[in-house]
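In my numbering, the protein residues as written are 56 to 452.
Given below as structure tokens:
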């Protein structure tokens, strides 16, 4: 066989493993587990870190103010150095829409060694505990950590708490349904969730005692007692990929975690251009690899063999008469596309788009390389005017 045929054979082997041996990551059936109303609804504090979010806040904050939750509920929005009036807008929206009490917290700039979001969460959680101590009955029993661009249906919190209490879970996280309104969003966004699930298969995450741990930072319900035991957020204060680090810290502390796809939680942040999506991925891709050049090289090679080799082999079969390469490439491409169809259906997109996955994967490969280049040029994980260098010490020291 030719070299391209052997590479295509390797791709077939890789896709056979991914299809059957990677926790069935491609399935989209991990939704909120069994729910039952508790005898007493626990108290909840919602903590929303927000930095320059005036554009999306009118759509997201009212969804929190409209929560149909039977227990004690307070909302804490942490205005993290915004320059667009985010904090003032939040107060106006609270007056206009009513709902549970809203407190706006405005901390100082992050101390060295903290990322902005985790610094904001630290102050939001501290304020929630202080209010609980002042007004009773003490610390809130649960924390809902949700981003400023996440919109919740009115029963979202109620369903999360019902799932956590019915299944004795300490962390319940839902991957919000991201926006797919533009052509670039439809091409790139479903693949983002697909690749995340391939790295952290939800079935493995949800297995008690499993080593795999992950969460989706846009929507995390966390038991306060376990957060204290896990020393969150102090133990992960330098984490750029804070949601995965949070889940790992909770699991190390003996907490039970669950992660799945959301049905009634949506991200409303627009990414209309490829450049917007590129920045979103590139800011943390190299951090996902631990800033290790060897892992970067392995990832690039792996993506090339798994996602790019199949269409290349098909072209070799069609235009160079390499029949074995063409057959093997077509087989790998077919399995690849088949595993992507459930995610496209979840996003209500046409299944034919699955054939474009090799092209999308090539974009992600370039984004990952660009993430490494940015890091080595000193720009690190840049987001909203802040750049986070590689941590020089372990986050929990």
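For each residue, glycine too, the CB sits at the ideal point set by N, CA and C. None of the values given here were measured: they were computed from a predicted structure.
Return the CA-CA distance between residue i and residue j, expressed in angstroms with no decimal places.
i: residue 449; j: residue 338; result: Low local confidence applies: a pLDDT of 40 at residue 449 is under 50, so the model's placement there is unreliable, with the coordinate-based value given in what follows. Rounded to the nearest angstrom, the two C-alpha atoms are 20 Å apart.
i: residue 289; j: residue 211; result: 28 Å
i: residue 93; j: residue 253; result: 34 Å
i: residue 334; j: residue 282; result: 31 Å
i: residue 186; j: residue 198; result: 13 Å
i: residue 305; j: residue 312; result: 8 Å
i: residue 341; j: residue 348; result: 9 Å
i: residue 88; j: residue 206; result: 21 Å
i: residue 116; j: residue 125; result: 19 Å
i: residue 256; j: residue 79; result: 7 Å
i: residue 343; j: residue 242; result: 22 Å
i: residue 430; j: residue 420; result: 16 Å
i: residue 265; j: residue 426; result: 30 Å
i: residue 81; j: residue 316; result: 12 Å
i: residue 161; j: residue 137; result: 9 Å
i: residue 327; j: residue 235; result: 9 Å
Closer than 8 Å by C-beta to residue i: which residues in its own chain qualify, once you throw out the five before and the five after it? Chain order, please.
i: residue 166; result: 174
i: residue 302; result: 226, 228, 260, 268, 269, 270, 312, 314
On the three-state DSSP scale, how would you describe residue i?
i: residue 131; result: strand
i: residue 214; result: helix
i: residue 104; result: strand
i: residue 177; result: helix
i: residue 169; result: coil
i: residue 318; result: strand
i: residue 323; result: coil
i: residue 347; result: coil
i: residue 145; result: helix
Are residue i and residue j close, meaning C-beta to C-beta below 8 Å?
i: residue 90; j: residue 271; result: no
i: residue 279; j: residue 194; result: yes
i: residue 109; j: residue 154; result: no
i: residue 319; j: residue 240; result: no
i: residue 321; j: residue 432; result: no
i: residue 424; j: residue 355; result: yes
i: residue 104; j: residue 133; result: yes
i: residue 131; j: residue 170; result: no
i: residue 361; j: residue 57; result: no
Residues in the same chain with beta-carbon distance under 6 Å from residue i, minus the five sequence neighbours each way, listed in chain order, please.
i: residue 371; result: 59, 377, 380
i: residue 406; result: 396, 399
i: residue 451; result: Model confidence at residue 451 stands at a pLDDT of 40, short of 50, so the residue's coordinates are unreliable and nothing is read from them.
i: residue 4; result: Outside the shown range of the chain, which is 56 to 452, sits residue 4, and nothing can be said about it.
Leaving out the 5 sequence neighbours to the left and right, which residues in its chain are closer than 7 Å to residue i when beta-carbon positions are compared?
i: residue 410; result: 392
i: residue 64; result: 383
i: residue 415; result: 242, 243, 246
i: residue 144; result: 109, 112
Please confirm if residue i has its CB atom under 8 Å from at least one CB of chain D.
i: residue 203; result: In the structure shown, chain D cannot be found, because there is only a single protein chain.
Kindly examine the ligand COA and report whether one of its heavy atoms sits closer than 7 Å to the Cβ of residue i.
i: residue 311; result: As far as ligands go, the structure on display features none, and thus does not contain the ligand COA.
*asked:* Quick check on the DSSP output: what are the complete beta strand (DSSP E) runs of length 3 or more inside the stretch 386-444, in order along the chain?
replied: Within the stretch 386-444, the runs of beta strand (DSSP E) that reach at least 3 residues and sit entirely inside it are, in chain order, 436-438, 441-443.
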